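Note sheet for the following structure.
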Amino acid sequence: MVRTRTEIVPNVLPRAFYNRPTLTVARALLGKVLVHRTPEGVASGMIVETEAYIGEDDPACHAAPGPTRRNAPLYGRPGMAYVYLNYGVHYLVNAVTEAEGRPAAVLIRALEPLDGIELMLKRRGLPLRTSASVPRASICRGPGNLSRALGISLSENLLDLTSGQLTMEDRGFRVTRVSRGPRIGIRVAVERPWRFWIGGHPAVSGGRIRA
DNA sequence: CGTTCGATGCACT
DNA sequence: GTGCATCGAACGT
Numbered sequence: 002m003v004r005t006r007t008e009i010v011p012n013v014l015p016r017a018f019y020n021r022p023t024l025t026v027a028r029a030l031l032g033k034v035l036v037h038r039t040p041e042g043v044a045s046g047m048i049v050e051t052e053a054y055i056g057e058d059d060p061a062c063h064a065a066p067g068p069t070r071r072n073a074p075l076y077g078r079p080g081m082a083y084v085y086l087n088y089g090v091h092y093l094v095n096a097v098t099e100a101e102g103r104p105a106a107v108l109i110r111a112l113e114p115l116d117g118i119e120l121m122l123k124r125r126g127l128p129l130r131t132s133a134s135v136p137r138a139s140i141c142r143g144p145g146n147l148s149r150a151l152g153i154s155l156s157e158n159l160l161d162l163t164s165g166q167l168t169m170e171d172r173g174f175r176v177t178r179v180s181r182g183p184r185i186g187i188r189v190a191v192e193r194p195w196r197f198w199i200g201g202h203p204a205v206s207g208g209r210i211r212a
């Protein structure tokens with residue numbers, strides 16, 4: 002039968018993908034695609050930057066104080082979404098990793114926009130076409146920005162990333178030049194090199210582009 | 001270029 | 001009451 006462009010089999014990442022050491026998952030998520038389907042349309046982007054937050058022994062992880070109402074998703078099944086409000090302004094998206102009862106997650110920090118660029122521009126309140134002043138790479142640069150562009154908020158907390166409206170997919174993008182360094186924007190455990198990004202990619206956050 | 005700082009909501013102690 | 005896994009505007013150099 003004829004296969005059209007819109008009939009591409011969505012290769013959604015299975016739960017086993019997340020049921021692994023968090024650093025492994027953080028690295029493996031580079032090049033994968035985060036997809037959000039809403040009545041407004043589909044918005045997606047290729048992951049170009051991640052950070053690992055691992056266990057109660059990691060002072061920067063939300064699980065550091067032990068189980069609370071807010072961090073409960075971290076103690077649950079791998080492959081679920083953990084979304085929370087940060088600074089009262091931004092929603093941050095994580096994928097829960099490791100195993101049930103072992104609190105850890107990967108924060109998605111930046112995407113290269115793929116589907117639904119106009120919808121994402123609209124959600125971000127940007128001009129409806131990219132330009133020199135509003136480059137495509139800026140649409141989903143930074144964890145707060147990508148959530149807003151994809152329309153992700155607290156309603157998406159605890160969604161199953163292995164099926165349904167919010168998923169992670171493998172579209173076959175090959176990632177070379179993986180860089181690794183300290184996490185950004187935290188005030189404790191700043192030395193742990195648990196941030197991963199695609200070296201030189203323009204959508205990576207954190208000021209100047211790093212190798 | 002660089003750095004500083006206010007906005008803004010809520011979980012947690 | 002305190003402190004954020006941020007962002008972007010407003011400054012200073």
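Numbering-wise, this note's numbering comes out as the position in the first sequence, counting from 1, plus 1.
For glycine and all other residues, C-beta sits at the position ideal for the given N, C-alpha and C.
Here the structure is a predicted model, which means the values were calculated and not measured.
Endpoints, the beta strand (DSSP E) within which residue i is located
i, result
"Ile185", "Where Ile185 is concerned, there is no enclosing beta strand (DSSP E), given that its DSSP letter is neither H nor E."
"Trp195", "Run containing Trp195: none; DSSP gives neither H nor E here."
Close beta carbons around residue i, own chain, < 7 Å, minus the five adjacent residues each side
i, result
"Glu116", "The amino acid at residue 116 is misidentified as Glu; the sequence shows Asp. So the list reads Val43, Ala44, Ser45, once near-sequence residues are dropped."
"Phe174", "Gly32, Met47"
"Val135", "Leu127, Pro128"
"Arg38", "Gln166"
"Ala65", "Glu57, Asp59"
"Asp171", "Asn12, Leu14, Lys33"
"Pro194", "Arg181, Gly182, Pro183"
As assigned by DSSP and simplified to three states, the class of residue i
i, result
"Ser164", "coil"
"Thr51", "strand"
"Phe1", "One cannot answer for residue 1 here, as it falls past the ends of the chain, which runs 2 to 212."
"Tyr19", "helix"
"Leu93", "strand"
"Leu31", "coil"
Bridge-paired residues (DSSP) for residue i
i, result
"Met81", "Asp161"
"Ser45", "Val36"
Element boundaries [alpha helix (DSSP H), containing residue i]
i, result
"Glu119", "118-125"
"Ala111", "Here Ala111 belongs to no alpha helix (DSSP H); instead the beta strand (DSSP E) covers 105-114."
"Arg149", "144-151"
Contacts around residue i, its chain only, beta-carbon distance under 6 Å, and the 5 residues preceding and following it disregarded
i, result
"Ser154", "Tyr92"
"Pro203", "Ala138"
"Val94", "Val84, Ile109, Ser148, Ile153"
Sequence-distant residues of the same chain with beta carbon closer than 8 Å to residue i, five excluded per side
i, result
"Val10", "Caution is warranted here: a pLDDT of 49 is assigned to Val10, below 50, making its placement in the model unreliable, and no coordinate value can be reported."
* To do: Taking 8 Å as the threshold, find out whether the stretch 110-125 comes into contact with the stretch 143-157 through three or more Cβ pairs.
  => yes
* Asked: With contact counted as at least three CB pairs below 8 Å, one residue from each stretch, are the stretch 179-196 and the stretch 56-75 in contact?
  -> yes
* Three-pair Cβ contact test at 8 Å for the stretch 24-34 versus the stretch 158-165 -> no
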